[in-house]
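Presented below is the structure to which this report refers.
In the numbering used here, the protein residues as written are 6 to 283.
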């Protein structure tokens with residue numbers, strides 16, 4: 006699953022996750038599936054295009070974009086949690102976005118000290134907002150089984166923990182699909198890249214969008230292929246970003262036991278936060 010995101014293969018990721026959520030046959034899985042990519046949109050993109058085009062000084066050559074949750078959010082009954090967006094606009098001063106390929110940008114996100122562009126964002130006020138993700142985001146924050154305790158070495162992970170993990174990946178997918186849609190339909194001046202990710206919400210995954218994108222996106226068609234055995238290693242982030250490896254396995258429940266996932270990482274400022282300037 007992580008490889009699909011890193012390669013920008015969002016339709017492939019969609020097909021696998023959609024099949025996995027449907028196979029759960031749970032209320033939570035059905036709630037996730039009721040929110041598709043057509044329901045999640047970004048507002049303010051036209052203003053972003055205008056700000057980049059009208060910027061005085063060195064041209065804007067790179068954009069970072071992420072979603073995060075408020076750190077001091079309340080958990081009263083009925084409280085809806087709206088993820089906010091983090092935007093950074095960059096010239097080639099700290100890093101040469103204009104000559105970088107997607108692999109170069111991804112490599113920067115994996116450096117121990119953070120990307121070369123950190124701290125070089127331009128002081129430009131543009132407000133973007135993400136609509137349509139509140140229900141899933143709130144359900145994940147209130148989910149009753151966000152942790153998996155392996156006392157007694159059980160053979161199977163609880164179904165509700167598995168659905169939580171899948172829901173986290175679905176949330177990330179819907180965000181990335183909304184970014185990909187804006188890049189394909191509207192693009193940015195010069196087809197500049199958008200490095201997008203999630204900050205302090207699982208999974209912390211980065212995808213590069215929009216390099217050279219200037220054409221209208223074709224209608225999205227998601228092919229549901231016969232599902233191979235679904236394994237937790239495809240969905241669960243088991244290590245910090247600095248230690249990412251691609252895992253494989255054969256049994257969803259057994260493999261979940263070997264890992265864990267939390268929606269609340271440690272308080273220390275991680276590399277993903279540094280990528281997006283938090």
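For glycine and all other residues, C-beta sits at the position ideal for the given N, C-alpha and C.
- Remark: C-beta atoms of residue 198 and residue 215 approach each other more closely than 8 Å.
- Within the same chain, and ignoring the five residues on either side of residue 137 in sequence, the residues whose Cβ sits closer than 7 Å to its Cβ are 40, 44, 45, 46.
- Within the same chain, and ignoring the five residues on either side of residue 11 in sequence, the residues whose Cβ sits closer than 8 Å to its Cβ are 111, 210, 211, 212.
- In the three-state reduction of the DSSP assignment, residue 136 falls in the strand class, which pools E and B.
- In summary, residue 130 is exposed, with fewer than 16 beta-carbon neighbours lying within 10 Å of its beta-carbon over all protein chains present.
- Around the Cβ of residue 207, a 10 Å sphere holds 16 or more other Cβ atoms; the residue is buried.
- For residue 95, the three-state secondary structure derived from DSSP is strand.
- In the three-state scheme derived from DSSP, where H, G and I count as helix and E and B as strand, residue 145 is classed as helix.
- According to the DSSP assignment, residue 214 belongs to the beta strand (DSSP E) that extends over 211 to 214.
- In chain order, 131 place their CB closer than 6 Å to the CB of residue 52, counting only its own chain and leaving out the 5 sequence neighbours on each side.
- Residue 13 carries a coil assignment under DSSP once its states are collapsed to helix, strand and coil.
- When DSSP states are grouped into helix, strand and coil, residue 40 belongs to the coil group.
- In the structure shown, residue 68 adopts extended strand secondary structure according to DSSP, grouped into three states.
- Ranked by Cα distance from residue 101, the options 113, 91, 90 are led by 113.
- One Cα belongs to residue 172, the other to residue 281, and the distance between them is close to 23 Å.
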